[in-house]
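A short worksheet on the structure shown next.
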Amino acid sequence: MPKIGNIELPDFPLLLAPMEDVSDPPFRALCKEQGADVVYTEFISSEGLIRDAAKSVLKLDIYEKERPVGIQIFGAELDSMLQAVDIVEQSNPDIIDINFGCPVKKVVCKNAGAGILRDIPLMVKLTEEIVKRTKLPVTVKTRLGWDSNSIKIVEVAERLQDVGIKAISIHGRTRVQMYKGEADWRPIAEVKNNQRMQIPVFGNGDVDTPEAALKMRDEFGLDGAMIGRASIGYPWFFKEVKHFFETGKHLDPPTMPERVDAARRHLQMAIDWKGEKLGVFETRRHYTNYFKGIPHFKEYRTKMVTSDDAVDVFAAFDEVLEKFGDFQFA
1 MPKIGNIELP DFPLLLAPME DVSDPPFRAL CKEQGADVVY TEFISSEGLI RDAAKSVLKL
61 DIYEKERPVG IQIFGAELDS MLQAVDIVEQ SNPDIIDINF GCPVKKVVCK NAGAGILRDI
121 PLMVKLTEEI VKRTKLPVTV KTRLGWDSNS IKIVEVAERL QDVGIKAISI HGRTRVQMYK
181 GEADWRPIAE VKNNQRMQIP VFGNGDVDTP EAALKMRDEF GLDGAMIGRA SIGYPWFFKE
241 VKHFFETGKH LDPPTMPERV DAARRHLQMA IDWKGEKLGV FETRRHYTNY FKGIPHFKEY
301 RTKMVTSDDA VDVFAAFDEV LEKFGDFQFA
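Just so it is clear: in the sequence shown, position 113 is 113 by the UniProt record's numbering, and no numbers are missing.
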């Protein structure tokens with residue numbers, strides 16, 4: 001059974017990936033209910049934390065029902081990252097995760113996220129000092145490399161392990177690829193098969209079906225899967241993967257009443273957490289997947305994603321349930 005520090009996990013755990021404006025407390029709660037074994041916060045800017053920026057500080061909110069939960073930070077300045085660790089510890093997470101994988105330009109241009117893949121010595125030094133700074137287990141999320149000519153992930157993972165990280169999650173693309181093309185899990189398997197590696201190696205990228213998760217486990221031999229885009233608006237994905245592992249069969253998809261109930265609860269939790277304006281706005285990205293596959297649905301989806309008033313969105317949910325309540329999902 002894999003462990004992150006002293007945190008014991010089930011065989012082949014499923015981890016909710018840290019996703020900006022997605023992996024907030026309401027969504028993490030839904031994913032946890034549906035079988036996610038470890039959840040991570042949205043990534044948090046170290047500079048934002050030490051400046052006490054409201055948006056960054058809000059992301060520190062974690063709740064007992066989420067555990068084990070990791071808080072993910074990013075940055076490239078050592079002093080700022082160490083100060084951020086001190087701040088993060090006050091929220092009492094189970095894990096501190098370092099983001100060395102975000103490919104977004106505004107992060108990369110500051111040498112943070114995947115930008116640091118161009119400076120492996122700095123990546124290792126930052127990690128080493130963060131491990132020294134905290135008693136919490138430190139994990140890393142990264143990519144294969146900056147581009148196809150600089151994939152040294154076996155060496156990089158080994159060096160990060162040597163300075164004390166307790167697990168590594170690797171996205172099977174380079175930074176240059178962004179999210180294009182297919183994720184390549186072979187280099188991740190090479191990391192796992194390195195006889196010097198003793199920590200869990202989790203795979204990320206294109207785990208979008210139960211079959212893909214099974215392949216990652218059985219053919220590539222990884223210790224677990226980190227789930228990102230497949231879970232957006234579909235927290236049931238975790239449960240479906242586990243059911244497939246246990247039975248070899250697909251779980252029936254959630255019914256319309258179950259989907260409406262989840263969307264309703266999601267929106268209400270978001271409003272309770274960050275207020276109506278932000279709650280309504282930031283939940284919109286999930287509705288397409290909550291109600292994917294329903295014919296002639298554009299009118300209702302438009303209401304959900306254009307209204308700024310929670311009452312209107314809840315009313316749209318009621319309309320959907322009334323009109324499509326008996327719809328059978330494939």
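Heads up, the beta-carbon is just placed ideally off N, CA and C, and yes, glycines get one too.
In three-state DSSP terms, what is residue i?
i           : result
Ala189      : helix
Thr142      : strand
Leu15       : strand
Asp97       : strand
Gln72       : strand
Ile170      : strand
Glu66       : helix
Ser45       : strand
Glu20       : coil
Lys110      : coil
Ile7        : strand
Val57       : helix
Leu136      : coil
Arg104      : Just to set this straight, residue 104 is Val in the shown sequence, not Arg. Coil, per DSSP.
Arg284      : helix
Ile165      : coil
Lys277      : helix
Val305      : helix
Gly181      : coil
residue 333 : Residue 333 is absent from the structure shown; the chain starts at 1 and stops at 330.
So the beta strand (DSSP E) residue i belongs to, where does it begin and stop?
i     : result
Met40 : Checking the sequence shown, residue 40 turns out to be Tyr, not Met. Per DSSP, Tyr40 belongs to the beta strand (DSSP E) from 38-40.
Using a Cβ-Cβ cut-off of 7 Å, state whether residue i counts as contacting chain D.
i      : result
His286 : The structure shown has no chain D; it contains just one protein chain.
Check for me: the alpha helix (DSSP H) holding residue i runs from which residue to which?
i      : result
His266 : 256-274
Ala153 : Reading off the sequence, residue 153 comes out as Ile, not Ala. From DSSP, the alpha helix (DSSP H) with Ile153 extends over 153-162.
Tyr287 : 287-290
Pro121 : 120-133
Met81  : 78-89
Phe297 : Premise fails: Phe297 is in no alpha helix (DSSP H) and is neither H nor E.
Lys32  : 25-33
Phe324 : 310-324
Given a cut-off of 7 Å, decide if residue j and residue i are closer than it, judged by their beta-carbon atoms.
i           : j      : result
Ile271      : Pro137 : no
Val201      : Leu222 : yes
Tyr290      : Ala263 : yes
Glu88       : Ile116 : The amino acid at residue 88 is misidentified as Glu; the sequence shows Val. Result no, Cβ atoms of Val88 and Ile116 do not sit closer than 7 Å.
Pro18       : Val38  : no
Glu128      : Val156 : no
Phe327      : Ile294 : yes
Gly205      : Arg173 : yes
Gly203      : Met216 : yes
Gly35       : Lys249 : no
Lys32       : Glu66  : yes
Pro26       : His266 : yes
Leu251      : Pro187 : no
residue 332 : Glu282 : The chain is shown only over 1 to 330; residue 332 falls outside these bounds and no answer can be derived.
Lys110      : Ala76  : yes
Leu30       : Met226 : no
Ile165      : Val124 : no
Ala84       : Ile96  : no
Ala230      : Asp208 : yes
Pro254      : Trp236 : yes
Leu122      : Met81  : no
Phe220      : Trp273 : no
Phe12       : Gly224 : yes
Inside the segment 183-254 only - beta strand (DSSP E) runs reaching at least 3 residues: Note on the segment 183-254: whole beta strand (DSSP E) runs with a minimum of 3 residues are 201-204, 224-227, in chain order.
Touching by the beta-carbon criterion (3+ pairs, under 8 Å), the segment 247-266 and the segment 36-49: Touching, no.
Cβ contact (3+ pairs, closer than 8 Å) linking the segment 125-132 and the segment 174-194: The segment 125-132 vs the segment 174-194: no contact.
Cβ contact (3+ pairs, closer than 8 Å) linking the segment 145-152 and the segment 92-104: By the Cβ test, the segment 145-152 is not in contact with the segment 92-104, since fewer than three Cβ pairs between them sit closer than 8 Å.
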